[in-house]
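Trainee: For the sequence shown, the residue numbers in the working numbering are 66 to 266. Glycine included, each C-beta is placed from N, C-alpha and C at the ideal position. The model shown is predicted, which means the values in this text are computed figures rather than measured ones.
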Amino acid sequence: MELARELTELDGLTGLNNRRTYDIYIDRIWRQSRREQAVLTIMFVDIDHFKAYNDRYGHQSGDDTLKAVADVIAAHAKRPLDFVARYGGEEFVLALYGSPADPNLYPENEAARMHAETLREGIAALQIPHDDSTTGEYLTVSIGVAVILPGARRSLAGAVQMADEALYQAKEEGRNRVVVIQTGDSKFRTGRFRARKPSAA
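1) So is S220 buried or exposed if we call it buried at 16+ other beta carbons inside 10 Å?
2) Do the region 238-247 and the region 197-204 touch if we need at least three Cβ pairs shorter than 8 Å?
3) Please classify I107 as buried or exposed, where buried requires at least 16 neighbouring CB atoms within 10 angstroms.
4) Give a yes or no on contact between the region 106-124 and the region 209-227, applying the rule of three or more CB pairs nearer than 8 Å.
5) Note down, one range per segment and in chain order, each beta strand (DSSP E) of at least 3 residues found wholly within the region 146-221.
6) Confirm, please, whether the CB-CB distance from F115 to G123 is below 9 Å.
7) Compare the beta carbon distance of V245 and V206 with 9 Å and say whether it is the shorter of the two.
8) Kindly give me the distance between the Cβ atoms of L75 and V137, rounded to whole angstroms, as I take these residues to be in contact under 8 Å.
Below, the structure is given as structure tokens:
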């Protein structure tokens with residue numbers, strides 16, 4: 066019974082939490098962050114040009130690559146309430162509870178950017194060849210980050226939308242980059258919410 070429960074919580078390919086578990090956990094941690102007035106950071110990580118990668122190298126190589134990327138992402142969820150899941154296809158989600166760095170040294174959005182850049186660089190350091198990428202010779206990822214500050218007037222759906230739109234902007238700006246927004250950021254345009262569907266990028 067315990068094994069069956071564990072299998073329903075994990076993604077069969079990567080070993081990360083699956084989408085169902087994410088849906089349950091993110092609601093729980095959202096409510097806790099609002100009660101405790103804690104910063105919550107949501108990151109969407111998407112592999113660039115993954116369909117082209119699969120088409121060129123085959124689905125077995127694609128699966129191996131998903132596992133390798135998942136391992137790097139998992140290593141960046143270090144604290145007890147941090148959480149990482151496979152969101153679907155080649156997209157992953159990482160939720161960080163509290164500031165990912167000392168807020169006395171860096172503003173919250175800069176701390177989140179540093180964390181995401183380290184993650185992006187860690188995946189680039191795998192040096193997985195991708196001859197059909199228009200972004201570079203190796204496999205890369207784009208990362209959209211939403212930093213939800215205490216007291217922010219946002220719903221959970223709105224917070225997820227922020228991260229999704231940040232990812233969309235990272236793709237629009239050329240991929241292989243991090244875009245960070247936080248509640249109250251007047252420079253970021255919202256309202257471009259895209260319908261979620263399997264990405265061909």
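Mentor: Put simply:
1) As a working mapping, residue 220 is identified with position 155 in the sequence shown. It is exposed - the Cβ of S220 has fewer than 16 other Cβ atoms within 10 Å.
2) A contact exists between the region 238-247 and the region 197-204.
3) As a first step, residue 107 must be located in the sequence shown, where it is residue number 42. So I107 counts as buried.
4) With a cut-off of 8 Å, the region 209-227 and the region 106-124 count as touching, because enough Cβ pairs lie within range.
5) Complete beta strand (DSSP E) runs here, min 3: 148-153, 156-162, 206-213.
6) Taking the first residue of the sequence shown as 1, we reach residue 123 at position 58. Taking the first residue of the sequence shown as 1, we reach residue 115 at position 50. No, Cβ-Cβ distance for G123 and F115 is not below 9 Å.
7) Stepping through the sequence shown from its first residue, residue 245 is reached at position 180. Stepping through the sequence shown from its first residue, residue 206 is reached at position 141. It is not a contact, given that the beta carbons lie outside the stated cut-off.
8) Stepping through the sequence shown from its first residue, residue 75 is reached at position 10. Stepping through the sequence shown from its first residue, residue 137 is reached at position 72. That pair is no contact at about 18 Å.
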